[in-house]
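Peer 1: Below: one structure in structure tokens.
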């Protein structure tokens, strides 16, 4: 992405900041964008109307990121299994964050061995076409969350089945989905993941 190599006129920058604020970006996130990525990337995020969940940003300032993380004990993801009580699967947080820090794309694969299911994390290059599916979602689907929260097993199995049904060759289909591949623990990594979404979709073998 590169750091800023040139400056926009102040009024242009201020209009863009106001646009990002209206989309839910907090002052700290906006400053972090301006300090770490180039002008065209910020323009792209604003033009795309890339929204942020404004909840928890009330106390954020230019210097401090005070966002309250989503509370896994109160946020309710939907189940599609009969019991409505299946376990929650989480990818390895450190692996996902490490891949993002290396400016690569974290990809998920569901593995079931001896009746035990787990999420396997691997890296896909941003410079080459990837062998994975990119899946978009809306929070209203009840699938919202983050790497730290994970996703109900029944929903992960559904995603894996859908991807596998579209894939004609082994191994098991790999996929990227924001509520498993975008961690929120580290604001710098979070921003890196957000600005990398364009590369995720460009390099995916299929998007749906």
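Numbering (my numbering), first residue to last: 95 to 302. All C-beta atoms, glycine included, are put in the ideal place defined by N, C-alpha and C. Here the structure is a predicted model, which is why all the values come from computation and not from measurement.
(1) Beta-carbon separation of residue 203 and residue 268 under 8 Å?
(2) Measuring CB to CB, does residue 187 end up less than 8 Å from residue 242?
(3) Mapping the DSSP letters down to three states, classify residue 175 as helix, strand or coil.
(4) Rounded to a whole number of angstroms, what is the C-alpha to C-alpha distance between residue 233 and residue 171?
(5) Restricting to Cα atoms, I'd like to know which of 148, 292, 119, 147 is closest to residue 230.
(6) Indicate whether the contact test is met: 3 or more Cβ pairs, each with one atom in the stretch 189-199 and one in the stretch 271-284, closer than 8 Å.
(7) Helix, strand or coil: which one does DSSP assign to residue 302?
(8) Rounded to the nearest angstrom, what separates residue 250 and residue 207 at their Cα positions?
Peer 2: So, from the listed chains and residues:
(1) yes
(2) yes
(3) coil
(4) Confidence is the limiting factor: at residue 233 the pLDDT is only 43, short of 50, which leaves the residue's position unreliable, though a coordinate-based value still follows. Straight-line Cα distance between these residues: approximately 9 Å.
(5) For the residues 148, 292, 119, 147, the minimum Cα distance to residue 230 belongs to 292.
(6) Flag = yes, the stretch 189-199 and the stretch 271-284 touch.
(7) DSSP places residue 302 in coil when its eight states are reduced to three.
(8) 15 Å
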